[in-house]
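For reference, the structure is listed below as structure tokens.
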Amino acid sequence: MVQTTAIRNSLETFRRIASMRVQVTVVFRTQILPPTLTLVATTVEPDITNFVPRRGDIESQLLHSQASGKRHSIWWRLGIDLPLLLLVLILPTLQELGIFPQHKSGFFCNDPALSYIFTGDTVSAAVIVTSVIVSPFILIWITELILLDSELKICEKMKHSVKQALLLYRNYAYGLVFNIVVVEVMKGITGNPRPTFFDICEPDTAKTCNGSEYVSTFECTSTRYSAWYQMDSYHSFPSGHTSLSVYCGLFIAWYLQQRAFDWRHRSVLAVPVLQLVCLTYAAVCSLTRITDRRHHWWDVLTGAVIGAICVFYTVLVLCKNFSNLKEQKREKRIVTPVQSNRTSIYDTRLQGPLT
2 MVQTTAIRNS LETFRRIASM RVQVTVVFRT QILPPTLTLV ATTVEPDITN FVPRRGDIES
62 QLLHSQASGK RHSIWWRLGI DLPLLLLVLI LPTLQELGIF PQHKSGFFCN DPALSYIFTG
122 DTVSAAVIVT SVIVSPFILI WITELILLDS ELKICEKMKH SVKQALLLYR NYAYGLVFNI
182 VVVEVMKGIT GNPRPTFFDI CEPDTAKTCN GSEYVSTFEC TSTRYSAWYQ MDSYHSFPSG
242 HTSLSVYCGL FIAWYLQQRA FDWRHRSVLA VPVLQLVCLT YAAVCSLTRI TDRRHHWWDV
302 LTGAVIGAIC VFYTVLVLCK NFSNLKEQKR EKRIVTPVQS NRTSIYDTRL QGPLT
């Protein structure tokens with residue numbers, strides 16, 4: 002009775018295994034020994050009669066989703082990102098032109114720290130704006146062009162290098178806009194007078210105050226300088242020249258450290274010299290603001306801190322420390338063998354067991 006039950010259970014197990022297309026051999030031995038079962042393991046052959054390959058459908062769905070994502074991304078950039086960026090740029094521009102009300106901090110009468118003569122700027126605003134806008138793109142484009150595979154055609158190298166440079170420059174421009182907005186907002190809120198305040202502004206109350214009297218309200222009466230210069234005379238804190246130059250110099254130096262050192266045939270001193278030039282540029286632009294008596298030392302220090310913070314945000318958050326560029330380069334090197342292996346595995350699943 003026990004043996005009969007065992008045989009029934011075994012047969013039930015055979016039926017389940019048979020449904021999985023595993024070949025089973027039942028061997029009944031002599032009557033002296035109890036009947037035993039022997040399983041002969043064979044390779045499972047999947048039933049492909051009702052199997053419909055879905056690889057093409059999956060790939061088409063992936064391509065469709067990617068195309069849809071690109072379309073959505075373009076619409077987001079045109080409909081959301083671009084208007085926001087323009088709005089962010091317009092606000093500090095209106096503030097710089099004096100359309101928004103400006104806060105004016107007071108001053109002490111006959112303060113020697115505000116009595117310097119204005120002699121001009123060693124690094125003019127036009128130079129600083131041109132350098133922080135044009136120079137980064139040129140250096141990034143040249144670096145990306147050198148890093149491309151030498152086997153590519155010239156037109157392909159130009160196309161890929163310009164595209165990659167524009168993607169990086171976009172993140173750089175975002176950080177630059179953040180930098181400008183922060184500096185302009187702080188200038189409008191604080192309204193601290195420059196070291197050349199008395200010479201450029203010629204406040205009306207300065208002519209009537211005595212001793213060390215503190216003057217809280219005033220109006221500029223200078224006829225030697227334009228209205229913009231007079232308004233700019235109480236926009237000392239923080240230093241915009243310093244903030245922009247530090248941001249530009251540190252960003253390029255960081256970028257060269259992460260990208261240019263991957264160039265196998267680089268010169269030993271080319272990249273370090275370029276980094277030295279970038280850092281020296283930032284230092285010169287910062288220190289000349291003090292020697293030109295355009296800013297106080299704490300204005301320059303605060304501007305340098307703002308520029309450094311914007312660099313960290315741009316590189317680590319927006320550019321992800323340029324790690325995505327290295328991953329793209331690594332994927333391009335292994336894309337062919339990965340695709341071939343995946344294809345062979347897929348085909349063997351349809352054709353039968355691996356041999």
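In my numbering, the protein residues as written are 2 to 356. Idealized CB from N, CA, C, for every residue including glycine.
Run of the alpha helix (DSSP H) containing residue i, from where it starts to where it stops
i	result
residue 144	126-148
residue 290	271-292
residue 203	Counting along the chain, residue 203 falls outside any alpha helix (DSSP H), and DSSP gives it neither H nor E.
residue 322	Segment: none, residue 322 is in no alpha helix (DSSP H) and carries neither H nor E.
residue 157	155-191
residue 304	298-314
residue 249	241-260
residue 230	228-233
Proximity of residue i and residue j at Cβ, strictly below 8 Å
i	j	result
residue 300	residue 238	yes
residue 147	residue 169	no
residue 311	residue 248	yes
residue 114	residue 196	yes
residue 283	residue 272	no
residue 277	residue 257	no
residue 193	residue 244	no
residue 107	residue 215	yes
residue 184	residue 307	yes
residue 199	residue 268	no
Residues near residue i by beta carbon distance below 7 Å, same chain, minus five either side
i	result
residue 253	137, 140 and 279
residue 223	201, 202, 203 and 231
residue 161	149
residue 250	279, 280, 282 and 283
residue 309	247 and 251
residue 173	137, 252 and 315
Same chain only: Cβ atoms within 8 Å of residue i, ignoring 5 sequence neighbours per side
i	result
residue 1	Nothing about residue 1 can be read from this structure; the chain reaches only from 2 to 356.
residue 89	178 and 182
The ligand SAM heavy atom lying under 7 Å from the CB of residue i
i	result
residue 219	Because no ligand of any kind appears in the structure shown, any question about the ligand SAM cannot be addressed here.
6 Å Cβ shell around residue i - same chain, five flanking residues per side excluded
i	result
residue 296	237, 240 and 290
residue 13	none
residue 341	Since pLDDT at residue 341 reaches only 42, below the 50 mark, its modelled position is unreliable, and the value read off the structure follows with that caveat. Closer than 6 Å at Cβ, skipping near neighbours: no residue.
residue 286	124, 242 and 246
residue 105	192 and 235
residue 99	232
residue 145	162, 165 and 166
residue 50	Unreliable positioning characterises residue 50 in this predicted model, as indicated by a pLDDT of 49, which lies under 50. A coordinate reading is not provided.
residue 131	none
residue 176	311 and 315
residue 119	197, 200 and 201
residue 52	Legend: pLDDT at residue 52 = 47, less than 50; position of this residue unreliable, value from coordinates given subsequently. Correct list: empty, nothing qualifies.
residue 96	185 and 189
residue 220	205
Three CB pairs or more closer than 8 Å across the stretch 158-169 and the stretch 184-194: no
Quick one: any contact between the stretch 108-125 and the stretch 201-215, if contact means 3 or more CB pairs under 8 Å? yes
Just list the alpha helix (DSSP H) runs in the stretch 83-112, keeping only unbroken ones of 4 residues or longer that don't cross its boundaries, in chain order. 83-97
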